[in-house]
Amino acid sequence: MKKFGSSAIDRRAFLRGVATAGFAAATSTAFAQQSDIGDILAAPRRGNWDDQFDARSTSKGKVASFQPIASPETVSFIESAINTYSQIVANGGWPTVPATVKLKLGVIDPSVAAIRKRLMIAGDLSESAGLSNSFDTYVDAAVKRFQARHGLPADGVMGEFSLAAMNVSADVRLGQLQTNLERVRTLASTDQGPRYVMVNIPAAQIEAVEAGRVAQRHTAIVGKIDRQTPILDSNIQEVILNPYWTAPKSIIQKDIIPLMRKDPTYLSRNKIRLFDERTREEIAPETVDWNTDDAVKLMFRQDPGKINAMSSTKINFPNPYAVYMHDTPQQGVFNKLMRFESSGCVRIQNVRDLNVWLLRDTPGWDRQTMEATIKTGVNTPIQVTNPVPLHFVYVTAWSTGDGVVHLRDDIYEMDGQAALSIGTNT
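Those letters in the sequence shown? Residues -32 to -1, 1 to 394, by mature numbering (1 follows the signal peptide of the UniProt record, and there is no 0).
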């Protein structure tokens, strides 16, 4: 199993590094990461964006697709994309888009002509749209298509992150496709079985695949740079409704102990109880010396409930990393641009839909029964009758055909290209 190095950059650092110098990000604070412990607290439920957009500006295929990443078709489409990008590189690549003004629908500026040319070369904008300085509806649709392919919010606004992604050179993108071709080829050559779940870490996205098609696609939260989600292969064997949450020792030491020093009521407010790991006897928080790290020796267990760190669901599978997949009470995190915030486990948006799919062959567990059980708040482990294969993979570039090339940040620095890791020390 491949291990990750600790030296890596986050999405903001990478994008800021490759952006044109001098571009100011007015909304950078909106993307500040929250701690895992903070995510235990309740938050307003909001909608989410995804990477599916059918641009009106091109004759190329839809960005949305039911094609799984781990398929022979994806391999052939990546090979075709490599040929296309090789020709783009041979022809001189695409222009750099200058950082002059914030570009969006209705703006007239000389830099729009560079955006038009950039989008035409990549296939997001039809050449018939011309090279004017007007950010019209065709450019708006093309920018949205570009953003969707790069895992960015498809809002049509050329902010810091879109500009930086647009200014990654064609030869770097070509190398990224070549690197990921080998990864996808390996995945596609493995017999996945009739049903499987695949977590693509750099895309922070989950595919539930059946009969060669994506039956469900879920937005995910994956590991931070310093607490990375591992690459692994396993089988989903258990779904727990209303789970207890046992805090990992890393979270106890890095998050809970400092919080208890500031707020001695934190554990009781969040329904977290302490136990002696050997005797299983409950320990009163006021008897613990929080000015030391002695509490790491104790078990921190949160009761089931709405503020439980895993909320309604925990999905278990054998692995040596002590990671699992789960729900979260803080649904707003799925709305974020940077979804690399966990301590290695994977949070799943709309997890109850995945539960129903996983438990389809498990007698007595339809949607209605599951929902009724969750309402009781009673801890309920369910063994999956037919364990479902699970794969955590690292794919930053792939294609779904017809000119649709998906590209993501090399968040854990595994692609081996310096240009995808610029900004490590910024």
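From the three backbone atoms N, C-alpha and C, an ideal C-beta is built for every residue, glycine too. This structure is a prediction, so every number in the text was calculated from the model and none was measured.
Would you mind sorting residue i into buried or exposed? The rule is 16 or more other CB atoms within 10 Å of its CB.
| i | result |
| --- | --- |
| Gln173 | buried |
| Asp40 | A quick correction: the sequence has Pro, not Asp, at residue 40. Per the 10 Å Cβ criterion, exposed. |
| Gly143 | buried |
| Pro36 | buried |
| Leu58 | Looking at the sequence shown, residue 58 is not Leu but Ala. It counts as exposed. |
| Asn135 | buried |
| Asp108 | buried |
| Gln55 | exposed |
| Ser110 | The sequence given here places Ala at residue 110; Ser does not occur at that position. Buried, because 16 or more other Cβ atoms sit within 10 Å of the Cβ of Ala110. |
| Asp257 | exposed |
| Tyr380 | buried |
| Glu95 | exposed |
| Thr158 | exposed |
| Thr154 | exposed |
Using DSSP with H/G/I as helix, E/B as strand and the rest coil, what is residue i?
| i | result |
| --- | --- |
| Asn51 | helix |
| Asp334 | coil |
| Trp325 | helix |
| Ser311 | coil |
| Glu249 | coil |
| Ile76 | strand |
| Asp244 | strand |
| Gln205 | strand |
| Met88 | helix |
| Leu155 | helix |
| Ala132 | helix |
| Arg320 | helix |
| Arg141 | helix |
| Gly300 | helix |
| Arg195 | strand |
| Lys282 | strand |
| Leu341 | Residue 341 is actually Thr in this sequence, not Leu. The answer is helix: DSSP assigns Thr341 an H, G or I state. |
| Met306 | coil |
| Val31 | coil |
| Thr233 | coil |
| Val291 | coil |
| Ile174 | strand |
| Leu93 | coil |
| Ser100 | coil |
Are residue i and residue j touching if we call contact CB-CB under 8 angstroms?
| i | j | result |
| --- | --- | --- |
| residue 402 | Ile350 | Residue 402 lies beyond the range of the chain shown here (-32 to 394); nothing can be said about it. |
| Val356 | Val165 | yes |
| Thr68 | Asp77 | yes |
| Tyr292 | Pro198 | no |
| Val301 | Val167 | no |
| Arg117 | His374 | yes |
| Asp139 | Gly61 | yes |
| Asp334 | Pro170 | no |
| Pro253 | Leu235 | yes |
| Ala176 | Leu322 | yes |
| Thr330 | Thr353 | yes |
| Asn287 | Ser218 | no |
| Glu245 | Lys230 | no |
| Ala82 | Pro66 | yes |
At the level of alpha carbons, what is the spacing between residue i and residue j?
| i | j | result |
| --- | --- | --- |
| residue 475 | Asn284 | Nothing can be reported for residue 475, as the shown portion of the chain is limited to -32 through 394. |
| Val346 | Leu209 | 8 angstroms |
| Ser130 | Thr281 | 34 angstroms |
| Ser310 | Gln196 | 8 angstroms |
| Leu200 | Thr260 | 35 angstroms |
| Thr255 | Ile204 | 39 angstroms |
| Asn238 | Arg269 | 10 angstroms |
| Arg328 | Lys192 | 32 angstroms |
| Lys72 | Asn101 | 12 angstroms |
| Ala132 | Val31 | 20 angstroms |
| Trp17 | Asp223 | Model confidence at Trp17 stands at a pLDDT of 34, short of 50, so the residue's coordinates are unreliable; what they give is reported in the following sentence. Using only the alpha carbons, I get a separation of about 29 angstroms. |
| Asp104 | Gly91 | 17 angstroms |
| Ile220 | Tyr106 | 51 angstroms |
| Ser33 | Tyr53 | 21 angstroms |
| Gly161 | Ala179 | 9 angstroms |
| Ile225 | Met382 | 33 angstroms |
| Gln115 | Arg376 | 11 angstroms |
| Ala156 | Thr233 | 51 angstroms |
| Asp194 | Cys313 | 13 angstroms |
| Gly98 | Arg84 | 8 angstroms |
How about residue i: is its C-beta nearer than 8 angstroms to some C-beta of chain C?
| i | result |
| --- | --- |
| Ser102 | Among the chains in the structure shown there is no chain C, since it carries only a single protein chain. |
Should residue i be listed as close to the ligand FAD, given that the test is whether its C-beta is under 7 angstroms from any heavy atom?
| i | result |
| --- | --- |
| Trp366 | Annotation note on the ligand FAD: not contained in the displayed structure, which lists no ligands. |
### Contact between the stretch 296 to 311 and the stretch 268 to 284 (3+ Cβ pairs under 8 angstroms)
Taking 8 angstroms as the limit for Cβ pairs, the verdict is that the stretch 268 to 284 does touch the stretch 296 to 311.
### Task
Evaluate contact between the stretch 212 to 220 and the stretch 368 to 380, counting only Cβ atoms and requiring at least three cross-stretch pairs below 8 angstroms.
no
### Segment contact, 8 angstroms Cβ cut-off, at least three pairs: the stretch 312 to 326 with the stretch 180 to 187
Short answer: they touch.
### Query
Are the stretch 335 to 346 and the stretch 117 to 124 in contact at 8 angstroms, needing three or more beta carbon pairs?
no
### Inter-stretch contact at 8 angstroms, needing at least 3 Cβ pairs: the stretch 137 to 153 / the stretch 43 to 55
yes
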